[in-house]
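Each residue of the sequence shown is one higher than the last, beginning at 239 in our numbering.
Working notes for the structure below.
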Amino acid sequence: MAVTDAIEEPSPSSNFSQPPPRHFYVTVVDRLHFKMDTLVHLLGVAARRPALPIVVCCTSRDQLDAVCSAVSNLPFISLASLYSDLAESDRNVILEEFRKATVRWSQIVNAGQSGGGGSGGETGNNNDESNTNNNKTKSHMIVVTDACLPLLALGEAPVSARVLINYELPSKETYLRRLATCLAADGIVINVVVGGEVITLKNIEESSSLVIAEMPINISEIL
């Protein structure tokens, strides 16, 4: 499924209405490299929203590594990953940085437009300021396995991503756990599924009282 490149500015009014999470799916042909291509293209379009906080969930370490390898060189993504043998101190830093990214996103939405801008200043500092601004406007993305989701029972706070992408479709219980630990109250879930998984997704939808719709061609309709 192609995703068009049209992106609109965040709507200021969305901050006040606080709609519930919305769930979508995009179907790809039953080939792994097409699935990865779909993810990369989806990120390329979505990441045109400055500072968009994104979580990508995988069921296995192998898939996490594959996703990280595919997106690590994307210039519009600030990438981190959570996996089982990550040092606790590194994990805490990653989670804290992501929470800061969600604050930046909220500030952009509250302002009603993304381009902030301070013109003026000494030209000698322009490069440093430009690099700082570029880092702040990159989409901040965490790739995580289910074994390493935030541990709410142990006091870890949810990360409240604007967009949660299920790169691999989990069980119903894990699907709901991903929502609880990774998604903002008004966030968006995008499920990347191969053709045969649509039935599984519909079973999750029915047993969880969710509405999971086919993703619009124009992604600006949901972001």
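Note that the Cβ used here is the ideal one computed from N, Cα and C, for glycine as well.
Residue i - partner residues in DSSP beta bridges
i      : result
SER446 : SER446 is not bridged to any residue.
LEU402 : VAL293, VAL427
LEU320 : VAL382
ILE315 : SER377
LEU421 : ALA399
ALA391 : Looking at the DSSP assignment, ALA391 forms no beta bridge with any residue, so it has no partner.
ALA451 : PHE262
ASN441 : Paired residues: none, contrary to the question.
Residue i classed as buried or exposed, judged by whether at least 16 other C-beta atoms fall within 10 angstroms
i      : result
LEU302 : buried
HIS261 : buried
ARG269 : exposed
PHE336 : buried
LEU421 : buried
VAL347 : buried
SER316 : buried
GLU406 : buried
VAL267 : exposed
HIS378 : buried
ALA325 : exposed
Euclidean distance between Cα positions of residue i and residue j
i      : j      : result
ARG286 : ARG342 : 15 Å
ALA318 : ASP384 : 15 Å
LYS338 : GLY350 : 19 Å
LYS440 : ILE450 : 8 Å
SER446 : ALA391 : 22 Å
LYS376 : GLU334 : 16 Å
PRO259 : LEU312 : 27 Å
LYS273 : VAL432 : 8 Å
THR370 : GLN345 : Unreliable positioning characterises THR370 in this predicted model, as indicated by a pLDDT of 49, which lies under 50. The coordinate reading is nonetheless provided below. Cα to Cα, THR370 sits roughly 17 Å from GLN345.
VAL397 : TYR413 : 16 Å
GLU411 : ARG329 : 24 Å
THR340 : HIS271 : 30 Å
LEU448 : SER310 : 33 Å
CB-CB length for residue i against residue j, believed under 8 Å
i      : j      : result
THR297 : PRO388 : Actually they are not in contact, since the Cβ atoms of THR297 and PRO388 sit about 17 Å apart, beyond 8 Å.
CYS295 : ASN404 : 5 Å
ILE380 : ILE332 : 7 Å
VAL278 : ALA304 : About 11 Å separates the two Cβ atoms, so there is no contact after all.
Contact between the region 433–440 and the region 278–285 is defined here as three or more beta-carbon pairs at a separation below 8 Å; is this criterion met? no
For the region 411–428 against the region 445–460, do three or more pairs of beta-carbon atoms, one drawn from each stretch, fall closer than 8 Å, so that the two count as touching? By the Cβ test, the region 411–428 is in contact with the region 445–460, since at least three Cβ pairs between them sit closer than 8 Å.
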